[in-house]
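Residue numbering for the sequence shown follows this note's numbering, beginning at -19 and increasing consecutively. We put the CB at the ideal spot given by N, CA and C, even for glycine. Report on the following structure.
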Amino acid sequence: MLWRHVAALLWPARCAGCNAFVPEGVSFCPSCEVSIVSLGVCCPGCAMPVDAFGACQGCQKMPLPFARAQAALAYGGALAQALLRWKHGGQRHVARSLAGYLAPLLARAADQGAEIACPVPLHPRRLRDRGFNQALDLLRAARPRVASIAIACDALARTVDTPSLGHGTPAQRRRIVANAFAVARPGKIEGKHVLLVDDVMTTGATLAECSRVLLEAGAKEVAVTVLARAI
Ligand SMILES: [Zn+2]
Ligand SMILES: [Zn+2]
């Protein structure tokens, strides 16, 4: 355990949001922490917060193709800063600070039967530019606490380099990602309960399209787990 103390001295823990020093094992400093919103009661279909009795309007209008969805946090505040620093600032270690929020959700998904986790893939060109797939980094950092789920990082592929979904309407977003994904290794997902994992879910268009191709290729069931939900 000595090396841990040495590592903590050499690389002290930093706030994922603002990079301030924090105690070991803490993800956000107190002033960033106040903007982190854990999601309470959510729609099991799309992970949007609902009151205890309220039905989800979105799912009534257009149900999503996955069996269930869960998210740890609401997107925004210091979490949005952390995601920026991580994905666009090259601060890859931020994944470790955020993985603690994902791990309990992975454990719940495993209890619900998830056998294999697929990170939402990046197009090879995007992967080359960024150097890493954030969904895969998050999964790898969280998985030691949920060993019963295997990771299939190459089962799904992004075959079209879609433009950023930005602020498009749900219909525009669905059109942009239509046919952008393919199952590269059907053997890994056939007959399996697959868990799709991503960092952020906005309208769910990307996750819906991934689910569609996974189910078409023979997955028994697809569920979704994300770190953050835009609400
Ligand atoms: Zn901070
Ligand atoms: Zn819903």
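query                                                                                                                                                   : result
Hey, how far is the Cα of His73 from the Cα of Pro(-8)?                                                                                                 : 12 Å
Can you say whether Lys41 is buried or exposed, counting buried as having 16 or more other CB atoms within 10 angstroms of its CB?                      : exposed
Do you know how far the Cα of Glu196 is from the Cα of Leu176?                                                                                          : 15 Å
Is any non-hydrogen atom of ligand 2 found closer than 7 Å to the C-beta of Met28, if you look at the structure I gave you?                             : yes
Could you compute how far the alpha carbon of Ser18 sits from the alpha carbon of Ser128?                                                               : 25 Å
Tell me Val180's beta-bridge partners as DSSP assigns them.                                                                                             : Ala208
On the CB-based measure, 16 or more other CB atoms within 10 Å of its CB, does Ser144 come out buried or exposed?                                       : exposed
Return the residue from the list Pro124, Ala62, Ala188, Lys172 that minimises the CA-CA distance to Ser77.                                              : Ala62
Determine whether the beta carbon atoms of Gly188 and Pro29 lie at a separation below 8 Å.                                                              : The sequence given here places Ala at residue 188; Gly does not occur at that position. It is not a contact, given that the beta carbons lie outside the stated cut-off.
Pull the bridge partners of Phe161 from the DSSP assignment, please.                                                                                    : Arg138
Based on the DSSP output, what are the partners of Ser18 in its beta bridges?                                                                           : Leu53
Helix, strand or coil for Arg(-6)? Go by DSSP, reduced to three states.                                                                                 : strand
From Arg88, His68, Ala122, pick the residue whose C-alpha is nearest to that of Gly111; which is it?                                                    : His68
Measure the CB-CB distance between Ala52 and Tyr81 and report whether it falls below 8 Å.                                                               : yes
Could I get the ranges of all uninterrupted alpha helix (DSSP H) runs contained in the region 25 to 52, with 4 residues as the minimum, in chain order? : 37 to 41
With the cut-off set at 8 Å, would you say Gly171 and Lys200 are in Cβ contact?                                                                         : yes
What are the residues that DSSP puts in a beta bridge with Ile169?                                                                                      : Its beta-bridge partners do not exist; DSSP assigns none.
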